[in-house]
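This note's numbering numbers the first residue of the sequence shown as -10 and each following residue consecutively. Don't be surprised by glycine CBs; every beta carbon is placed ideally from N, CA and C. It should be emphasised that the depicted structure is a prediction, and the values quoted were computed from it without experimental measurement.
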Amino acid sequence: MSDPQQPFRSTPAPADPARVGELLTATAFFRADEVAIGIELIEERIAQGAASGYELLFADDPATPRLLGYSCFGEIPLTRGSWDLYWIAVAPDAQGRGLGRRLLTESEQRIAAAGGHRVFVDTSGRADYEPTRAFYERCGYHAAARLTDFYAPGDDKVVYARTLAGR
């Protein structure tokens, strides 16, 4: 299992699209079409580099070729300093050990270093996403908007926001 203080990798490797797909599938939170989008963002970053608009962090298990967690974030076009956290996921057997918080904190630090001051996260309002929403709230995010039946009937979109320290 990964050392909790192991540094993150930000450059995607050719195997990362498949590894991200495996990770997202293992969480059992995402539908196949959602997993495909997660993979597509990694492929775009590999193909286009920084021009893709996607920044990545990877937490590798040093003992295996397995991916333990990752985040994907990017500046929101036509804004001044607002960023989206598109994805953050941690392997089920690595959850509860602080890896998600470390990924989020490092993502926020990189956003701030790039001039970002606000971070937005979209997530589901379904009951099974309560732990996800609680995670963001523990990390200083607040529910800024709720769009009823956005993803599907009975599945609201909840937008979380956080202003980064010093802004």
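Between residue i and the rest of its own chain, which residues show a CB-CB distance below 6 Å, the 5 nearest in sequence each way excluded?
i    : result
R135 : D145, V147
G10  : V24, I28
G105 : G70, W72
G42  : G63
Just confirm the distance between the C-beta atoms of residue i and residue j, as a whole number of angstroms; I'd bet it's less than 8 Å.
i    : j    : result
F79  : G89  : Per the sequence shown, the amino acid found at residue 79 is Val instead of Phe. Contact flag correct, Cβ pair sits at about 5 Å.
S113 : Y140 : 6 Å
One question on the structure: do residue i and residue j come within less than 9 Å of each other, judged by their Cβ atoms?
i     : j    : result
W76   : L30  : yes
Y149  : V110 : yes
F(-3) : R91  : yes
P81   : A4   : no
E32   : P6   : yes
C128  : L153 : no
R99   : Y130 : no
P1    : I35  : yes
L46   : L12  : no
A132  : R122 : yes
Quick one: Cα of residue i to Cα of residue j, how far?
i    : j     : result
A83  : Q37   : 30 Å
P142 : D117  : 15 Å
R107 : S(-1) : 21 Å
T137 : R115  : 11 Å
P51  : A39   : 26 Å
R8   : L67   : 32 Å
D22  : T14   : 11 Å
E119 : A48   : 24 Å
By Cβ distance below 8 Å, which residues in the same chain neighbour residue i in space, the five residues on each side in sequence not counted?
i   : result
I65 : S71, W72, D73, F109
For residue i, I'd like the list of residues in its chain whose CB is within less than 7 Å of its CB, leaving aside the five on either flank, ordered along the chain.
i    : result
A101 : L153
Taking the alpha helix (DSSP H) that residue i belongs to, which residues open and close that run?
i    : result
A101 : 88 to 102
R127 : 119 to 127
Tell me which residue opens and which closes the beta strand (DSSP E) that residue i is part of.
i   : result
Y43 : Per DSSP, Y43 belongs to no beta strand (DSSP E) and is neither H nor E.
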